[in-house]
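Here the structure comes first, spelled out in structure tokens, and everything after it is commentary.
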Amino acid sequence: MAGTVVVGAGLAAAHVVSTLRDEGDDRPITLVGDETDRPYERPPLSKGYLQGTAERGSVFVHDADWYTEHDVTTRFGTTANRIDRAARTVALSDGTELGYDHLVLATGSSPRLLDVPGAWLGGVHTVRRLTDSDALRDELARRGRLVVVGGGWIGLEVAAAARLVGVEVTVLEYAAQPLLRVLGPEIASHFAELHRSHGVDLRTGVGVDGFEGPDCRVTGVRVGGDLVPADVVLVGVGAAPNVALASAAGLAADARGVLVDAQLRTADPAVLAAGDVANAHNTVLGHSLRVEHWDNAIRQGDLAARSIIGRPDVYDWQPYFYTDQYDLGMEYVGYADADDPVVVRGDRASGEFMAFWLRDGHVRAAMNVNVWDVNDRLRALVGRVVDPARLRDEKIPLEEL
Ligand SMILES: Cc1cc2nc3c(=O)[nH]c(=O)nc-3n(C[C@H](O)[C@H](O)[C@H](O)COP(=O)(O)OP(=O)(O)OC[C@H]3O[C@@H](n4cnc5c(N)ncnc54)[C@H](O)[C@@H]3O)c2cc1C
1 MAGTVVVGAG
11 LAAAHVVSTL
21 RDEGDDRPIT
31 LVGDETDRPY
41 ERPPLSKGYL
51 QGTAERGSVF
61 VHDADWYTEH
71 DVTTRFGTTA
81 NRIDRAARTV
91 ALSDGTELGY
101 DHLVLATGSS
111 PRLLDVPGAW
121 LGGVHTVRRL
131 TDSDALRDEL
141 ARRGRLVVVG
151 GGWIGLEVAA
161 AARLVGVEVT
171 VLEYAAQPLL
181 RVLGPEIASH
191 FAELHRSHGV
201 DLRTGVGVDG
211 FEGPDCRVTG
221 VRVGGDLVPA
231 DVVLVGVGAA
241 PNVALASAAG
251 LAADARGVLV
261 DAQLRTADPA
271 VLAAGDVANA
281 HNTVLGHSLR
291 VEHWDNAIRQ
301 GDLAARSIIG
311 RPDVYDWQPY
321 FYTDQYDLGM
331 EYVGYADADD
341 PVVVRGDRAS
351 GEFMAFWLRD
361 GHVRAAMNVN
371 VWDVNDRLRA
381 LVGRVVDPAR
391 LRDEKIPLEE
401 L
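In structure tokens, the structure reads:
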């Protein structure tokens, strides 16, 4: 019996293997990952770990001996190079081959790079891996001015972490507001104000033309006619799913991810995909989507395991994500368009509020900012028709809406 091979030893993969064991699957499991570390959580890499407030040991999903204790064979520091679906084998970078009954692709995503002059210069960083965060943290400790390219989640989190350790920060964002395409103008402006109030030089509506510097080391970011001084640069312009392995094996995969059904199976029932790389059919939304968030990697890892053991569970939950920046903690549940009308409950100026995105009277998404233990109640509202005036009225308890 060949058992299950999981490729990509990240968060989703860690949940595939632990749920298989929790559910009593005692068949062989092999976890293949090209990083030398065992699976870890990436959110701290742009937050506490980068700032130096979270220890390295705190980021790992399982203790080091969990894998042997649970009879999971690990092949860390090993890349899966090729899948032979007819033979049900995976060829690895060390020249060996693994057979499988089920193969889970949990290969995640990689930072997008900017195709501009000087993108290769020393001091220009992305952050995806522990080693990236280590390198960026070392640079921030030694140098004074950080330029962040891209006002998305990771860019803003790194900006906040850098300000908290006393670094001067400029954020360059192409759109009119950071996070505009996710949150719409009103809530995006909240994040813009937050960063400006912490001393970030936030410049919007600007495109980066290149990086400049002598001796192969960045000293400035070219923006139109301006050169923004920089000792360190963080490029945070999104991530692309790692689909090459799936595409080469003839599976349906493109820039939207590896196409899978609501049980995370590709057209080949022996091959599944989970986490950042999966473009999966969501039964509550009624369409496929790829979600690049922590909660999705956990839940889809668990779901892939349950599909393997024959459970009928499906991808039937609303997406969720969170961020932490300075003293702002936020959770978001649902799936809205940035131009959906937004209703705010509470006083934004107080820093504690909720927001709801509506379309055709239905709540499509909801967010709680510095208000805790309410996200399950917000989740229960998503998909329902709720009068905006009642949503706004703080005197009406959430459970009575
Ligand atoms: C800096 C940072 C901060 C984040 N913060 C948040 C947050 O605050 N909130 C939130 O909701 N989400 C956050 N996320 C997103 C969240 O971490 C990801 O959604 C999650 O890590 C996805 O897990 P995954 O297992 O699908 O992929 P990954 O964690 O990317 O793991 C995939 C692994 O597969 C490996 N791999 C790829 N191809 C191969 C191959 N051929 N052979 C072997 N191995 C391979 C990769 O190197 C990687 O180790 C953050 C992400 C980053 C990078």
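Under our numbering, the residues of the sequence shown are numbered 1 to 401, in order.
Glycine residues also receive a C-beta, built at the ideal position from the N, C-alpha and C atoms.
All values derive from a computational prediction rather than experimental measurement.
- Counting C-beta pairs closer than 8 Å gives three or more between the segment 233-243 and the segment 104-113, which meets the contact rule.
- Distance from the Cα of residue 70 is smallest, within the candidate group 77, 36, 31, for 31.
- Around residue 121, the same chain offers 211, 213, 216, 217, 218 as residues with beta carbons nearer than 7 Å, after the five sequence neighbours per side are excluded.
- In this structure residue 395 is exposed. Its beta-carbon is surrounded by fewer than 16 other beta-carbon atoms within 10 angstroms.
- DSSP, reduced to helix, strand and coil, places residue 43 within a helical segment of the structure shown.
- With respect to the C-alpha of residue 292, the residue from 240, 342, 383, 221 having the closest C-alpha is 240.
- Under a 10 Å Cβ-count criterion, residue 334 is classified as buried, with 16 or more other Cβ atoms of the shown protein chains found around its own Cβ.
- In the DSSP annotation of this structure, residue 282 is not part of any alpha helix (DSSP H); the continuous beta strand (DSSP E) holding it starts and ends at 278-282.
- A residue is called buried when at least 16 other Cβ atoms come within 10 angstroms of its Cβ; residue 1 does not meet this threshold and is exposed.
- Ligand 1 never approaches residue 24 closely enough for any of its heavy atoms to be under 7 Å from the residue's Cβ.
- By the criterion of at least three beta-carbon pairs nearer than 8 Å, the segment 54-71 is in contact with the segment 8-17.
- Nearest C-alpha to residue 158 among 340, 368, 323, 393: 323.
- Listed as beta-bridge partners of residue 1 by DSSP are no residues whatsoever.
- Looking at the backbone, the Cα of residue 222 and that of residue 171 are separated by about 13 Å.
- With distances taken between CA atoms, residue 144 lies nearest to 229 out of 176, 245, 320, 229.
- Every unbroken stretch of the beta strand (DSSP E) spanning 3 or more residues and falling wholly within the segment 105-185 is given here in chain order: 109-111, 145-149, 168-173.
- Under the 10 Å beta carbon count, residue 385 is surrounded by fewer than 16 other beta carbons and is classified as exposed.
- Here the segment 306-320 lies against the segment 277-288, with 3 or more beta-carbon pairs under 8 Å apart.
- The three-state reading of DSSP puts residue 67 in helix, counting H, G and I together.
- Scanning 272, 390, 350, 355 for the CA closest to the CA of residue 100 turns up 272.
- The bridge partners DSSP lists for residue 287 are 282.
- Contact fails between the segment 194-210 and the segment 366-380, because fewer than three Cβ pairs, one in each stretch, are under 8 Å apart.
- Residue 84: member of the beta strand (DSSP E) spanning 80-84, first to last residue.
- Counting every other CB atom within 10 Å of its CB across the protein chains shown gives residue 305 a total of 16 or more, marking it as buried.
- The nearest non-hydrogen atom of ligand 1 is 7 Å or more from the C-beta of residue 168.
- Looking only at 183, 346, 252, 168, the smallest Cα-Cα distance to residue 152 is reached by 183.
- Within the same chain, 187, 342, 344, 367 come within 6 Å of residue 355 by CB-CB distance, once the 5 residues on both sides are set aside.
- The DSSP assignment places 320-325, 328-334, 342-347, 352-359, 362-369 as complete runs of the beta strand (DSSP E) inside the segment 307-378, in order along the chain (cut-off: 3 residues).
- Apart from the 5 residues on each side of it in sequence, residue 79 sits with its Cβ closer than 6 Å to the Cβ of 34, 93 in its chain, given in chain order.
- Nearest Cα to residue 349 within the set 190, 74, 66: 190.
- Straight-line spacing of the CA atoms in residue 198 and residue 148 works out to 15 Å.
- Ranking 55, 150, 194 by CA distance to the CA of residue 174 puts 150 first.
- Taking the Cα of residue 326 as reference, the smallest distance to any Cα among 8, 7, 38, 47 is reached at 47.
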